[in-house]
Amino acid sequence: AQSVTQPDIHITVSEGASLELRCNYSYGATPYLFWYVQSPGQGLQLLLKYFSGDTLVQGIKGFEAEFKRSQSSFNLRKPSVHWSDAAEYFCAVGADSNYQLIWGAGTKLIIKP
Amino acid sequence: NAGVTQTPKFRILKIGQSMTLQCTQDMNHNYMYWYRQDPGMGLKLIYYSVGAGITDKGEVPNGYNVSRSTTEDFPLRLELAAPSQTSVYFCASKTGGAIQETQYFGPGTRLLVL
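Protein chains in written order, with the working numbering: chain R, 1 to 113; chain B, 114 to 227.
Listed below in structure tokens is the structure:
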């Protein structure tokens with residue numbers, strides 16, 4: 001069955017430290033991969049997406065993600081987090097053969113001052 | 114552009130009551146979606162629409178109904194509220210049907226059924 005796993009429910013990082021959020025997927029078709037962010041009280045906003053080409057994808061707000069087919073992963077990274085990055089982050093996967101995205105359960109990022 | 118707007122932001126319902134969650138987008142998007150978000154779970158698709166007059170079921174449609182009489186509006190109807198429908202509901206829209214297109218989300222409606 002198709003699935004997306006975000007192994008970390010919560011992650012706490014000090015302001016200025018680096019960040020990596022994990023996303024693993026199980027999908028038979030060639031996947032399209034997405035990271036969305038949900039700031040408190042707001043809807044989800046697209047950070048970045050991958051569907052072909054360079055496996056290292058740059059997004060908004062200084063985020064990047066790397067697609068690793070051999071590991072079925074699409075981890076999100078940021079070299080130095082800011083307090084404003086505190087939010088919940090969702091990974092999602094889709095394919096041409098399906099009409100909807102499959103969503104991970106989300107990882108809540110907490111920033112320590 | 115206001116983007117995707119949802120009303121109300123928060124609502125408490127008693128079991129058996131009905132209500133409509135409103136969703137409006139001003140981006141002239143053809144595709145619109147309703148999701149529910151439960152704690153510790155990913156978004157689940159309830160219903161979606163590919164254009165005015167056309168709707169279809171998603172993964173978890175039971176207990177809900179939708180209509181799409183205009184491009185802009187996509188209301189979600191709960192006829193007989195049940196505690197299992199306590200959730201946060203998100204409406205989203207996008208231009209077309211390609212899976213790689215970006216979805217734009219509203220701020221959500223938090224619903225509590227007691």
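From the three backbone atoms N, C-alpha and C, an ideal C-beta is built for every residue, glycine too.
*R/I60 by DSSP, collapsed to three states: which one?*
Position 60 of the first sequence, counting from 1, holds the residue named residue 60 of chain R. In the structure shown, the three-state DSSP call for R/I60 is helix.
*Distance, Cα to Cα, B/E159 vs B/T168?*
Locating residue 159 of chain B in the second sequence gives position 46, counting from the first residue. Locating residue 168 of chain B in the second sequence gives position 55, counting from the first residue. The sequence shown places Ile at residue 159 of chain B, not Glu. One C-alpha to the other measures close to 11 Å.
*Out of R/S18, R/P40, R/T107, R/V57, point me to the one whose CA is closest to R/L47's CA.*
Residue numbering aside, residue 47 of chain R sits at position 47 when the first sequence is read from its first letter. Of the candidates R/S18, R/P40, R/T107, R/V57, the one whose C-alpha sits nearest the C-alpha of R/L47 is R/V57.
_If we define contact as Cβ-Cβ less than 8 Å, is R/K49 a contact residue for chain B?_
Sequence index remark: in the first sequence, residue 49 of chain R carries index 49 (1-based). Yes, its Cβ sits closer than 8 Å to a Cβ of chain B.
*Enumerate in chain order the residues of its own chain whose CB-to-CB distance from R/K49 is below 6 Å, with the five nearest sequence positions on each side excluded.*
Your numbering for residue 49 of chain R matches position 49 in the first sequence. These residues qualify, in order along the chain: F34.
*Measure the Cβ-Cβ separation of R/T107 and R/Q6 and say whether it is below 8 Å.*
Stepping through the first sequence from its first residue, residue 107 of chain R is reached at position 107. Stepping through the first sequence from its first residue, residue 6 of chain R is reached at position 6. The answer is yes: Cβ separation under 8 Å.
*Closest to R/S39 by CA distance: which of R/D85, R/D54, R/G16 is it?*
By one-based count along the first sequence, residue 39 of chain R stands at place 39. Among R/D85, R/D54, R/G16, the Cα nearest to that of R/S39 is on R/D85.
*If you compare alpha carbons, which of R/A95, R/S14, R/D8 is closest to R/C23?*
Reading the first sequence from its first residue, position 23 is the one you call residue 23 of chain R. Taking R/C23 as reference, the option from R/A95, R/S14, R/D8 with the minimal CA-CA separation is R/D8.
*asked:* I want to see whether chain R comes within less than 8 Å of B/G153, judged by CB atoms only; does it?
replied: As a first step, residue 153 of chain B is located in the second sequence; it is residue number 40 there, counting from the start. The C-beta of B/G153 comes closer than 8 Å to at least one C-beta of chain R.
*Cα-Cα, which of B/Y161, B/Q150, B/S197 is closest to R/E88?*
Along the first sequence, read from residue 1 onward, the residue named residue 88 of chain R stands at position 88. Here the closest residue by C-alpha is B/Q150.
*Along chain A, in chain order, which residues have C-beta atoms closer than 8 Å to that of R/F90?*
Within the model displayed, chain A is absent; protein chains R and B are what it includes.
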